[in-house]
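*Asks:* Take a look at this one; I'll ask things after.
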Amino acid sequence: MVPAGLLTMKLWVVLLLAVLCSELQIGCCQGVKRKKDVEESRGRRVRVRQPAQNDRKGKSQSLLTRVLDKGRFQHLAQTTLLTPGRKMELRCKGSSIGWSYPTNLDTFSDSRLSIKQSDKYSQLILTSPSAADTGSYSCWVIVCDGAECQRDQDRTYTSYIYFPDKDHLFVPSAIHFEIVYLHPDRPAVVPCRVTEPHAEVSLHREVPPEEITTNTTQVTYDPTRGFVLQHPRPEHQGVFYCKAVSKDTPQVSTKYQLLYVEGKDTAVTVRSQIQKLCKRVPPAFHHQSMRFKSHLERSPAVTNLVCLLQKTSKKLLRAERDLPERSPSEIKPV
């Protein structure tokens, strides 16, 4: 007769062998299945999820928005066309925001423009915008480190906004005759910007009358800047104007006097040209029938203005030299 203890031991051994065989069988089956899955997936393409375009560019794309009405917003593109006369309201996310806008707008002198700052965003409001307000509008987050603050380039957004006006194809300017200096070592810009980005624009010389050919290397046109002379030369001097056509309606821009400046000392070169001009032209009023040899002399009003500024600056310099010298302790703050 088998002792009870030995029988119990045999039962435990049989049970352990059964569990061991079961574990080995499961492991083998899993290995075969894993091998089968690998073989089946060899000829199959594996899709890797790429980060979304907006994720890669960050949240700077949605930094600047336009308020359409209560609860509705529009993300501005690089260029935007808006209706003149209708209030424009822009928002920029952030607790500390900086703004830039066309130079004709000024928060101190133009009551149409206002900027308000809240805890979560800054708001720029322009009432009754016109063609003259066409230009670049930018906002950015201001980052401060102690007393020093600077613009965050990674969180900056700019949109060039057009206010089309069929009566003003060119952006109106308070200056009716502008001087553009040509330097041989850098491009020059004839700033005849348009309010309609699809208008056909051409550059013309006044005397002798001719149209300047534009191309992709020497003379190019950018509606947000004007005509760009990539490599200015002396023959580019003279009086120029731009002509724009939209829906068969031609319009002419203000006139531009292009002056070529060569040499390192630009101030000396320009001053010498003005001095020669002031010696030739009498200070009295010029009759329109008078003709001058150089291109600059064809504009008597500009000539008289430049000469007047030159004489005024000379008087100021003489008055400054005649003042008695004072020590810093004698100078009282205003």
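Letter by letter, the sequence shown follows residues -31 to -1, 1 to 303 of mature numbering (1 follows the signal peptide of the UniProt record, and there is no 0). For every residue, glycine included, the Cβ atom is placed at its ideal position computed from N, Cα and C.
Is His200 helix, strand or coil when you go by DSSP?
*Replies:* Residue state, collapsed to three classes: coil.
*Asks:* Where does the unbroken beta strand (DSSP E) through Val176 begin, and where does it stop?
*Replies:* No beta strand (DSSP E) holds Val176; DSSP gives it neither H nor E.
*Asks:* One question on the structure: do Ser65 and Cys118 come within less than 9 Å of each other, judged by their Cβ atoms?
*Replies:* Cβ atoms of Ser65 and Cys118: closer than 9 Å.
*Asks:* Reducing DSSP to helix, strand and coil, say where His44 ends up.
*Replies:* His44: strand per DSSP, three-state reduction.
*Asks:* For the structure I just gave you, are there three or more beta carbon pairs, one from the segment 43 to 58 and one from the segment 94 to 110, closer than 8 Å?
*Replies:* Judged by Cβ distances under 8 Å, the segment 43 to 58 makes contact with the segment 94 to 110, as three or more pairs qualify.
*Asks:* With DSSP as the reference, please indicate the residues paired to Glu165 in a beta bridge.
*Replies:* Its beta-bridge partners do not exist; DSSP assigns none.
*Asks:* Indicate the three-state DSSP secondary structure (helix, strand or coil) for Asp217 in the structure shown.
*Replies:* Residue state, collapsed to three classes: coil.
*Asks:* Do you know how far the Cα of Lys224 is from the Cα of Phe209?
*Replies:* One C-alpha to the other measures close to 6 Å.
*Asks:* Take Arg194 and list the residues in its own chain whose beta-carbon comes closer than 8 Å to its own, dropping the five residues that flank it on each side.
*Replies:* Contacts found: Val158, Pro160 and Arg162.
*Asks:* Could you pull out every residue in the same chain whose Cβ sits closer than 6 Å to the Cβ of residue 304, ignoring the five residues on either side in sequence?
*Replies:* Since the first and last residues shown for the chain are -31 and 303, residue 304 lies out of range.
*Asks:* Grab me the residues of Gln92's own chain with a C-beta within less than 6 Å of its C-beta, minus the 5 sequence neighbours each way, in chain order.
*Replies:* Answer for Gln92: Arg60 and Lys85, listed in chain order.
*Asks:* Excluding five sequence neighbours on each side, which residues of the same chain lie with their C-beta closer than 8 Å to the C-beta of Pro219?
*Replies:* Lys212 and Ala213, listed in sequence order.
*Asks:* Just the C-alpha distance for Ala116 and Ala46, rounded to the nearest angstrom, thanks.
*Replies:* Rounded to whole angstroms, Ala116 to Ala46 spans 34 Å at the Cα level.
*Asks:* How would you label Phe42, buried or exposed, when you count the other beta carbons within 10 angstroms and need 16 or more for buried?
*Replies:* Exposed, by the Cβ-count rule.
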